[in-house]
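Per our numbering, residue 59 is the first one in the sequence shown, and the count goes up by one each step. Quick reminder that beta carbons are idealized off the backbone N, C-alpha and C, glycines included.
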Amino acid sequence: MLRRRFHPYNRIRRILFALIFFLLNAHFFFHFLHSDPEPAPDTSALWEYSPYVAIPRVHGIGKVYIAANHWISAKVLKPYWINGLLLLIQQLGPENVFVSIYENGSWDETPAMLRELDEILDKMGVARRVLIEAVTHREQVAELVAQGDDKPGWVMTSRGKKELRRIPVLAKLRNRLLEPLEQLQRQGRGAFDRILFLNDVVFTAQDVIRLLKTRNGNYTAACSVDFNKPHQYYDTFALRDSYGREAPAQRFPFFASGESQEAMMDGRPVPVKSCWNGMVAFDAAPFLRPQNPLRFRAVDDSLAVSHVEGSECCLIHADNAKHGFHSRQRAGVWVNPMVRVGYNFPAYQYQRLHMYSWPEYLISLPVRVGVWLLRMPWSKEQVSARIKEWKGEEAGRDEPGDFCLVDEMHVPEGLAGVFP
Ligand SMILES: *[C@@H]1O[C@H](CO)[C@@H](O)[C@H](O)[C@H]1NC(C)=O
Ligand SMILES: *[C@@H]1O[C@H](CO)[C@@H](O)[C@H](O)[C@H]1NC(C)=O
59 MLRRRFHPYN
69 RIRRILFALI
79 FFLLNAHFFF
89 HFLHSDPEPA
99 PDTSALWEYS
109 PYVAIPRVHG
119 IGKVYIAANH
129 WISAKVLKPY
139 WINGLLLLIQ
149 QLGPENVFVS
159 IYENGSWDET
169 PAMLRELDEI
179 LDKMGVARRV
189 LIEAVTHREQ
199 VAELVAQGDD
209 KPGWVMTSRG
219 KKELRRIPVL
229 AKLRNRLLEP
239 LEQLQRQGRG
249 AFDRILFLND
259 VVFTAQDVIR
269 LLKTRNGNYT
279 AACSVDFNKP
289 HQYYDTFALR
299 DSYGREAPAQ
309 RFPFFASGES
319 QEAMMDGRPV
329 PVKSCWNGMV
339 AFDAAPFLRP
349 QNPLRFRAVD
359 DSLAVSHVEG
369 SECCLIHADN
379 AKHGFHSRQR
389 AGVWVNPMVR
399 VGYNFPAYQY
409 QRLHMYSWPE
419 YLISLPVRVG
429 VWLLRMPWSK
439 EQVSARIKEW
449 KGEEAGRDEP
459 GDFCLVDEMH
469 VPEGLAGVFP
């Protein structure tokens, strides 16, 4: 949190000093790091899948419900995502998994690739639902518009019109992945140990198995770390440290002082309040309970309208903690810093080869000093004030995911501006 004991001039001087320090170091270090002279080793064998090659089984993980949304992800689907998944299923055993995939209106080869995957899964004897929605973005928006702007998810924006929020739509898309779960439960086939969400990322079967085995399985949720550029982690919206604070840096060690940073430096599982970051494995129990099963949601429109927004991927952890789900065998939310995935192959490859090598420790130095000098992460007083005001307006209002919330409004082009 931002400390206020400094005189303002003192703070300006600090910030200036930090900036200069940052710029000098950043230039030196990043130039140095990017000029990697060694040719990268060939890693393509990691995604070699053959139905005829028997792969040793991995035991002790139990039954896994694998869930994935896809939208225009052909670039990572082949060979990385699809072969990674097939190799994972070979190791877990086809009888131990259920695959739920939902695709919605891609205009690249994503639907064709997923249909092909569906056929392979059929031959392997994998229980699944691969739902490919032949709906375009325009059709989807038209349908939502037809339902009327008095429905949940529509808010009045500063542009003076009603616009559709993105997060409730995303929460719905994620919940669609969990629909088969209800049917399986009714059929008595719903005894899963883990629910695994896979983004459209490059990963290997070993990465997922390592993630599933985080802390020998003692977690309510365990996440990977995701990168969209070789050094830059991506998902700032859902990651919160053990105090519920945002991670101030997109470079290693990401977190400001405290338990989370220490664990990240040491390469131990990192205690956090929330994470998503490319791949996340949940203890399945809260999703399976008969009363009030855990599902994705957005914050209330009445709160979002005051320019406050939070990721469905963070709120789910807040709800999970709030609804009193406690297990001695499976406790806490953790980032497994040894499991790193990429939104493209170069980012994946770089992290795979360089995690916890000396350039990473070197880079951590200016990052840690800079974050400390700037007293990051800064407190979110405006957001807290808006939440407080919102609570005061009506009795009984509550938002357990206050640490998820940021000073943003998400009403993207395409979904927005439909109403004059
Ligand atoms: C499909 O899902 C993605 C997120 O996975 C979302 O950004 C996009 O707007 C959705 N498209 C449609 C047609 O719903
Ligand atoms: C699981 O982890 C929690 C939190 O670290 C710990 O208190 C508990 O003893 C662990 N349970 C087992 C069975 O190891």
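Is the beta carbon of Leu297 less than 8 Å from the beta carbon of Val330? On the sequence shown, position 239 is the one that residue 297 refers to. On the sequence shown, position 272 is the one that residue 330 refers to. Yes.
Beta carbon of Arg386: closer than 7 Å to some heavy atom of ligand 2? On the sequence shown, residue 386 is found 328 positions in, with the first residue counted as 1. Checking every heavy atom of ligand 2 against the Cβ of Arg386, one is found closer than 7 Å.
Check whether the Cβ atoms of Trp392 and Ala280 lie closer than 8 Å to each other. Here residue 392 refers to the residue found at position 334 of the sequence shown. Here residue 280 refers to the residue found at position 222 of the sequence shown. It is a contact, given that the beta carbons lie within the stated cut-off.
Terminal residues of the continuous alpha helix (DSSP H) containing Gly142? Here residue 142 refers to the residue found at position 84 when the sequence shown is read from its first residue. Ile140 to Leu150 is the span of the alpha helix (DSSP H), which, as asked, contains Gly142.
Cβ neighbour criterion (16 or more within 10 Å) applied to Thr168: Within the sequence shown, residue 168 is the residue found at index 110, counting from 1. It is buried - the Cβ of Thr168 has at least 16 other Cβ atoms within 10 Å.
Identify which residue in Glu174, Glu237, Ala405 and Pro470 has its Cα closest to the Cα of Val283. Translated into positions along the sequence shown, residue 283 becomes position 225. When each option's Cα is compared against that of Val283, the closest is Ala405.
Apart from the five residues just before and just after Arg61, which ones in its own chain have a Cβ nearer than 7 Å to its Cβ? Reading the sequence shown from its first residue, position 3 is the one you call residue 61. Caution applies to Arg61, whose pLDDT of 39 falls short of 50 and renders its modelled position unreliable; the model cannot decide the point.
I'd like to confirm the pairing. Which residues does DSSP put opposite Glu191 in its beta bridges? Translated into positions along the sequence shown, residue 191 becomes position 133. Answer by DSSP bridge pairing, in chain order: Asn162.
Tell me the DSSP bridge mates of Tyr123? Locating residue 123 in the sequence shown gives position 65, counting from the first residue. Its beta-bridge partners are Phe156 and Ile253.
Neighbour-count burial assignment, Met59, 16 or more Cβ in a 10 Å radius: Counted from its first residue, the sequence shown places residue 59 at position 1. With a pLDDT of only 35 at Met59, under 50, the local geometry of the prediction cannot be trusted, and the value read off the model is given with reservation. Exposed, by the Cβ-count rule.
For His479, which of helix, strand or coil comes out of DSSP? Nothing in the structure corresponds to residue 479, since the chain is present only between 59 and 478.
Exposure label - Asp180; buried when at least 16 CB within 10 Å: Translated into the one-based positions of the sequence shown, residue 180 becomes position 122. Asp180 comes out exposed.
Are Gly248 and Pro226 closer than 8 Å when you measure CB to CB? To locate residue 248, count along the sequence shown from 1; it is residue 190. To locate residue 226, count along the sequence shown from 1; it is residue 168. For Gly248 and Pro226, no; Cβs fall outside 8 Å.
Where are the beta strand (DSSP E) runs, 3 residues long or more, that stay fully inside the stretch 397 to 476, in chain order? none
Assigned exposure category for Ala389 - 16 Cβ within 10 Å defines buried: Reading the sequence shown from its first residue, position 331 is the one you call residue 389. Burial call: exposed.
Cutting at 7 Å between CB atoms, please list the residues of its own chain near Leu135, excluding the five before and the five after it. As a first step, residue 135 must be located in the sequence shown, where it is residue number 77. Only Thr168 and Met171 meet the Cβ criterion.
For a minimum of 4 consecutive residues, which ranges assigned as the alpha helix (DSSP H) are wholly contained in the stretch 219 to 244? 224 to 234 and 237 to 244
Quick check: what's the CA-CA separation for Gly162 versus Arg224? Along the sequence shown, one-based indexing puts residue 162 at 104. Along the sequence shown, one-based indexing puts residue 224 at 166. The residue you asked about is not Gly; residue 162 is Asn in the sequence shown. Taking the straight line from one Cα to the other gives about 15 Å.
At least three beta-carbon pairs within less than 8 Å, the stretch 118 to 129 to the stretch 230 to 247: yes
Identify every residue that forms a DSSP beta bridge with Cys281. Numbered from 1 along the sequence shown, position 223 holds the residue referred to as residue 281. Val338 and Val393.
State the start and end residues of the unbroken alpha helix (DSSP H) segment that holds Pro169. Position 111 of the sequence shown, counted from the start, is the residue given in the question as residue 169. Note, Pro169: alpha helix (DSSP H), Thr168 to Met182.
Give the C-beta separation of Phe310 and Gln319 to the nearest angstrom, bearing in mind that I take them to be a contact with Cβ-Cβ under 8 Å. In the sequence shown, counting from the first residue as 1, residue 310 sits at position 252. In the sequence shown, counting from the first residue as 1, residue 319 sits at position 261. That belief does not hold up - the Cβ atoms of Phe310 and Gln319 are roughly 10 Å apart, past 8 Å.
For Asp251 and Gly206, I'd like the C-alpha separation in whole angstroms. Position 193 of the sequence shown, counted from the first residue, corresponds to residue 251. Position 148 of the sequence shown, counted from the first residue, corresponds to residue 206. Their backbone Cα atoms lie some 40 Å apart in a straight line.
Let me know the secondary structure DSSP gives Glu320 once reduced to three states. Locating residue 320 in the sequence shown gives position 262, where the first residue counts as 1. Residue state, collapsed to three classes: helix.
Check Lys331 in the structure and name its three-state DSSP category. Position 273 of the sequence shown, counted from the start, is the residue given in the question as residue 331. Here Lys331 sits in strand by DSSP.
Have a look at Asn293 and Glu452 and give me their C-alpha separation to the nearest angstrom. Counted from its first residue, the sequence shown places residue 293 at position 235. Counted from its first residue, the sequence shown places residue 452 at position 394. Reading off the sequence shown, one finds Asp at residue 293, where the question assumed Asn. Spanning the two alpha carbons is a distance of roughly 33 Å.
Assign Gly428 to buried or exposed, taking buried as 16 or more other Cβ atoms, counted over all protein chains shown, within 10 Å of its Cβ. Position 370 of the sequence shown, counted from the start, is the residue given in the question as residue 428. With 16 or more other Cβ atoms within 10 Å, it is buried.
Selection from Tyr107, Val116, Lys219 and Glu418 that minimises the alpha carbon distance to Glu153: In the sequence shown, the residue the question calls residue 153 occupies position 95. Comparing Cα positions, the closest option is Val116.
First and last residue of the beta strand (DSSP E) that includes Val213? As a position in the sequence shown, residue 213 is number 155, starting the count at 1. Counting along the chain, the beta strand (DSSP E) containing Val213 begins and ends at Trp212 to Met214.
Is Asn141 near ligand 2, in the sense that its beta carbon is under 7 Å from a heavy atom of that ligand? Translated into the one-based positions of the sequence shown, residue 141 becomes position 83. Checking the Cβ of Asn141 against ligand 2 gives no.
Member of Gly325, Ala132 and Leu144 whose CA lies at the smallest distance from the CA of Ala112: As a position in the sequence shown, residue 112 is number 54, starting the count at 1. If we check each option's Cα against that of Ala112, Leu144 comes out closest.
For Ser36, which of Glu197, Tyr408 and Gly459 has the nearest alpha-carbon? Nothing about residue 36 can be read from this structure; the chain reaches only from 59 to 478.
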